[in-house]
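Straight run, no breaks: the sequence shown in the working numbering ends on number 355. Every residue, glycine too, gets a C-beta built ideally from N, C-alpha and C. Just so it is clear, the structure is predicted and the values come from calculations on it, not from any experiment.
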Amino acid sequence: MRDALVTALKTDSNAGVRGEAFNALSRYPFDEEIRDAMIYALMFDDNAALRISAINRLQEQGPALFDENLERVLRTRMVLDENAYIRTKARTVLSNLSAP
Numbered sequence: 256m257r258d259a260l261v262t263a264l265k266t267d268s269n270a271g272v273r274g275e276a277f278n279a280l281s282r283y284p285f286d287e288e289i290r291d292a293m294i295y296a297l298m299f300d301d302n303a304a305l306r307i308s309a310i311n312r313l314q315e316q317g318p319a320l321f322d323e324n325l326e327r328v329l330r331t332r333m334v335l336d337e338n339a340y341i342r343t344k345a346r347t348v349l350s351n352l353s354a355p
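So, in structure tokens, the structure goes:
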């Protein structure tokens, strides 16, 4: 079931379906596969609400998940996202997660 939700989050053309998949995945224990799906949604989803949910969920996990891939995605969103809230949030999360 979880694999189907990850696939739906990454590939379904309907934003509502992707949102429901995200909500369902949020009930699973956070692991690397879910983390990668959240990073994918933050980087590639065209729905700002879903990107906001993804960045919030990633922030909740704390610095233990911080790596070069997440740093790259946050830096990209910080500069290129069309949504001002996401740009600001990416900057904040990057600062908080990369702090010693």
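Exercise. Straight-line CA distance for T262 to N338?
Worked result: Reading the sequence shown from its first residue, position 7 is the one you call residue 262. Reading the sequence shown from its first residue, position 83 is the one you call residue 338. The straight-line gap from Cα to Cα measures roughly 25 angstroms.
Exercise. Per DSSP, what kind of secondary structure is P284 in: helix, strand or coil?
Worked result: In the sequence shown, counting from the first residue as 1, residue 284 sits at position 29. Shown here, P284 sits in coil according to DSSP, grouped into three states, outside any helix or strand.
For this session: Please go through the same chain and pick out, in chain order, the residues whose beta-carbon is closer than 7 angstroms to the beta-carbon of F321, but skip the five residues on each side of it.
Result: If you number the sequence shown from 1, residue 321 lands on position 66. Answer for F321: L352, S353, listed in chain order.
For this session: Output the boundary residues of the alpha helix (DSSP H) element that contains Q314.
Result: Taking the sequence shown and counting its residues from 1, one reaches residue 314 at position 59. Element bounds for Q314: 303 to 315.
For this session: Let me know if D336 comes out buried or exposed under the rule of 16 or more other beta-carbons within 10 Å of its beta-carbon.
Result: If you number the sequence shown from 1, residue 336 lands on position 81. Buried.
Exercise. DSSP on F277, reduced to helix/strand/coil?
Worked result: Within the sequence shown, numbered from 1, the residue matching residue 277 stands at position 22. In the three-state DSSP reduction, F277 falls in the helix class (H, G or I).
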